[in-house]
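The structure appears below as structure tokens.
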Amino acid sequence: MTALVIGYEVGARAAMALHATARDYHSSGAWNALAVAALGARLMNLRSLQLREALGIAEYYAPRSQMMRVIDHPTMLHDGSAFGGLAGASAVFLASAGYTGAPAITVEAEEVSKLWDDLGENFRISRHYIKPYPICRWVHALIEGALRLGASHDFAHDEIASIELSTFHEATRLFRAMPGTSPVAQYAIAYPVAAAFVNRRVGVGELAEASLRDARIARLVALTSVQESQAYNREFPKSRLGEVTVVLRDGRRLRSGTLNARGGPEQPLSERQIVAKFRDYASPALGSRRAHDLERAVLGLPENRGDFASVIALTSGALG
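Plus 17 on top of the position in the sequence shown (first one is 1) and you've got our numbering.
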């Protein structure tokens, strides 16, 4: 448990340091390498000097992928996270074998020192978010708007004449057409909103092939327009704001109002909601019994002093 918290703490601070000092909008692989290096160094009991080398190696080899490329052209690259993790894990083994690396700028540079001064006192892990939907978080406010409008007004999806989405610039660059694959759907803007209107939910099922061929969803995607809001631009990345307006065939014009993505410290998910999401995702993949046992093992970690042995036993080869 300590190693896990270390990973999140170092990763969050490295992310803030890099975003504050780099001009380009880079992917999370650029800093999750340092998170993996710190976590791995703890698990392998590296000395402090070896930890320093591991962080330097991880930062140097980590991918500084151009994030907006996978927004403009959604693929399976997913933020470079996998190769960031690979760089971090490799850095631990290299440092343990005596390999040296340049000091990590995101950790040791004078201009970012304030981000590290309270390490171990104020925990950034408490500022993280848990996504309620398996879609890019930039579009979560819009998904929320569609679900709220559908729940609070009496209309069916086939009564919709048009959908208007207003959000910040980066989100407007998400894929606008009907996606043909799950990776593209995860970086789409019109599709998840349309799916929310049709299915009254957005989950794993909405990323499956059957949903990607759903003519009802495709109709709404074709009726959707996207506009950029300067007011929402000013709040990004602190907030990820959006508004949904739906025009019905009877002339009614319904607005969601401005919404923010849920799941962060401002609007956290309850434990009940988090557990419900776990059950929804894990049960089909692991089976109800194994998912139930894993749920109990995770919720029992505080009583087991953070010993992950029971969790690892249930997840080792889970999908094999």
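We put the CB at the ideal spot given by N, CA and C, even for glycine.
From the listed residues Ala54, Met195, Leu35, Ala31, the smallest Cα separation to Ala20 is found for Ala54. Between the C-alpha atoms of Thr332 and Leu311 there is a straight-line separation of about 8 Å. Annotation for Ala168: Arg217 place their beta carbon closer than 8 Å to its own, counting only its chain and skipping 5 residues before and after. For Ile206, the secondary structure class from DSSP, reduced to helix, strand or coil, is coil. Its chain contains Leu265 as the residues whose beta carbon lies nearer than 7 Å to that of Phe172, once the 5 sequence neighbours on both sides are disregarded; these appear in chain order. About 3 Å separates the beta carbons of Gly28 and Ala52, which is inside the 8 Å limit, making them a contact pair. By the neighbour-count criterion, in which 16 or more other beta carbons inside 10 Å mark a residue as buried, Gln247 falls on the exposed side. In the DSSP assignment, Leu182 falls within the beta strand (DSSP E) that extends over 177 to 184. Excluding the 5 residues flanking it on each side, Met33 has same chain C-beta neighbours closer than 7 Å at Leu132, in chain order.
When DSSP states are grouped into helix, strand and coil, Val219 belongs to the coil group. Counting every other CB atom within 10 Å of its CB across the protein chains shown gives His186 a total below 16, marking it as exposed. In the DSSP annotation of this structure, the continuous segment of the alpha helix (DSSP H) that includes Glu76 starts and ends at 65 to 78.
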